[in-house]
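Engineer:
Number of protein chains: 2
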Amino acid sequence: MDDDLYLISMAARLLDMHPQTLRKYERLGLVRPSRTVGSMRLYSRDELDRLRLIKHLVDEAGINLAGVQRLLSIAEVVQRIRPLMDEEAVPRAEARRRLSRELDRLCDMLGI
Amino acid sequence: MDDDLYLISMAARLLDMHPQTLRKYERLGLVRPSRTVGSMRLYSRDELDRLRLIKHLVDEAGINLAGVQRLLSIAEVVQRIRPLMDEEAVPRAEARRRLSRELDRLCDMLGI
DNA sequence: TAGGTATTGATACGGATCGTGTCAACCTTC
DNA sequence: GAAGGTTGACACGATCCGTATCAATACCTA
C-alpha cells in the first residue's frame, strides 16, 4: 500500500478547489502537506479529508479562515475526548482527570 | 434588586461598541435583548457579557459572525457538560449517557 | 399637551478578507 | 534540451462588516 499521495493539481481536482486556495490554506497553517525532494506538495487522504471539512465550513457555513482555524483546534480536543468514553479502556479516575483538563482547554478556546 | 437593564446607548457606551453594531448583532440572532412596551431594546448583564465575548472573538481573534455564531452554540454545549463532571451530582450511568449525547452534538457542529 | 432628546429600521459608504487569475522562475519527465 | 506542471508573489472583483446618515416613532419633562 503506497498510501496515496497527490500533487496539488490532482488534489484540487478531487476537491473541486483552486490550487491557489490550497497553497493559501497551507500558508495560514490550516493544512500541512508533505513535500517531495523538489519541494512539491504531497497531499495524503487525511489531508484531503481535512480540506473537505474546511471547504464545508467556508462554503456552506460561511465561516472565515480565522473561525475555521479555531473550530479545527476545538475538533482536535473533542477527538481526544471521544476515546475517554469507552468503558474499561481507561481507569475511571484517570479518564475523569483527563476529561476535566480537555474541557478546560475547550473553555479557553471559546473564551468562557 | 431591579436586575439592571440598559438602553442601547448605555450598553454601547459600557462595551465601547457602536449602537448600530448591537442592532446588527440582534438582527443576526447573536443576542436577544428584551424590549420595552414601545419596542426599545433592554440589555441585561448576561447579554452584556455575551456581547463582550462576541467582541473579543471578532476584534481579537478576527472571527466573522458566522464563526462566532457557531462558537457560541458550541459554548452552550460545553456549559451543559461542565456540571456532569461533579462527582455525585448525577448518577454515573446517567452522566455518561448525557455526556455521550452532548459530544455527538459537538461533532455535528464541527462537521466531524 | 407640547417640545426636545433618544431609539427605531433602512440604506449607503470605506476597509478588510478571500477566492481566483496571472506571471516569471524552478522542478520533473521524456 | 523541450514540454508541462509547480512554486511563490502580486493584483483584481466580490463579499462581509463596522460605521454613518436619514425620516419616523417613542420617551420624558415642563
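As given, the protein sequences belong to chains A and E, one line each in that order. Read the first sequence against my numbering and you will find it ends at 127, with the numbers running on by one and no gaps. Read the second sequence against my numbering and you will find it ends at 127, with the numbers running on by one and no gaps. We put the beta carbon where it would ideally sit given N, CA and C, even for glycine.
Examine chain A for any beta-carbon lying closer than 8 Å to the beta-carbon of E/S49, and answer yes or no.
Structural biologist: False, the Cβ-Cβ gap to chain A never drops below 8 Å.
Engineer: Expressed to the nearest angstrom, what Euclidean distance is found between the alpha-carbon atoms of E/M16 and E/R60?
Structural biologist: Because the pLDDT at E/M16 is just 45, under 50, the model does not fix this residue reliably, and the value given afterwards should be weighed accordingly. Taking the straight line from one Cα to the other gives about 13 Å.
Engineer: What span of residues does the alpha helix (DSSP H) with A/C77 cover, start to end?
Structural biologist: Per the sequence shown, the amino acid found at residue 77 of chain A is Gly instead of Cys. Note, A/G77: premise wrong, no alpha helix (DSSP H); not H, not E.
Engineer: When you compare only the Cα positions, how much space is there between A/S24 and E/L125?
Structural biologist: Their backbone Cα atoms lie some 27 Å apart in a straight line.
Engineer: If I measure Cβ to Cβ from E/L30 and keep anything under 7 Å in the same chain, skipping five residues before and after, which residues do I get?
Structural biologist: L63, L66, R67, K70, listed in sequence order.
Engineer: Decide yes or no for the touch test of the region 33-51 of chain E against the region 85-101 of chain A: beta carbon pairs closer than 8 Å, at least 3 of them.
Structural biologist: Contact fails: fewer than three Cβ-Cβ distances are below 8 Å.
Engineer: Measuring CB to CB, does A/R57 end up less than 8 Å from A/R50?
Structural biologist: Correcting the residue identity first, residue 57 of chain A is Leu in this sequence and not Arg. Yes.
Engineer: The alpha helix (DSSP H) with E/Y40 in it runs from where to where?
Structural biologist: First-last of the alpha helix (DSSP H) with E/Y40: 34-42.
Engineer: Quick one: is A/R28 buried, meaning 16 or more other Cβ sit within 10 Å of its Cβ, or exposed?
Structural biologist: Label assigned to A/R28: exposed.
Engineer: Report yes or no: is there a C-beta of chain E within less than 8 Å of the C-beta of A/R97?
Structural biologist: By this cut-off, A/R97 is an interface position.
Engineer: At 7 Å on the CB atoms, spell out the chain E contacts of A/H71, in chain order.
Structural biologist: Ordered by position in chain E, the residues that pass the 7 Å Cβ test against A/H71 are G126.
Engineer: Listing by chain order, which chain A residues have their CB less than 7 Å from the CB of E/A104?
Structural biologist: The contacting residues do not exist; E/A104 stays about 13 Å from chain A at best.
Engineer: Going by CA-CA distance only, name the one from A/R85, A/L80, A/A90, A/A108 that's closest to E/D119.
Structural biologist: Among A/R85, A/L80, A/A90, A/A108, the Cα nearest to that of E/D119 belongs to A/A90.
Engineer: Are the beta-carbon atoms belonging to E/R85 and A/A76 less than 8 Å from one another?
Structural biologist: Yes, the pair counts as a contact, with Cβ atoms nearer than the cut-off.
Engineer: Using alpha carbons as the reference points, say which of A/A104, A/L45, A/S115, A/G53 lies closest to A/L22.
Structural biologist: Measuring from the Cα of A/L22, the nearest candidate turns out to be A/G53.
Engineer: Go to A/R111, then tell me how far its alpha helix (DSSP H) extends in each direction, as first and last residue.
Structural biologist: Per DSSP, A/R111 belongs to the alpha helix (DSSP H) from 107-125.
Engineer: Check each candidate in E/L72, E/D19, E/V105, E/V83 and name the one with the smallest Cα separation from E/G44.
Structural biologist: The shortest Cα separation from E/G44 among E/L72, E/D19, E/V105, E/V83 belongs to E/V83.
Engineer: Answer yes or no: does any C-beta atom of chain A fall closer than 8 Å to that of E/Y21?
Structural biologist: Closer than 8 Å: no.
Engineer: Given that E/G77 touches chain A, what residues does it touch there, using C-beta distances under 7 Å?
Structural biologist: Those within 7 Å of E/G77 in chain A are A81.
Engineer: Measure the alpha-carbon distance for A/L72 versus A/N79 and round it to whole angstroms.
Structural biologist: Between A/L72 and A/N79, the C-alpha separation is close to 8 Å.
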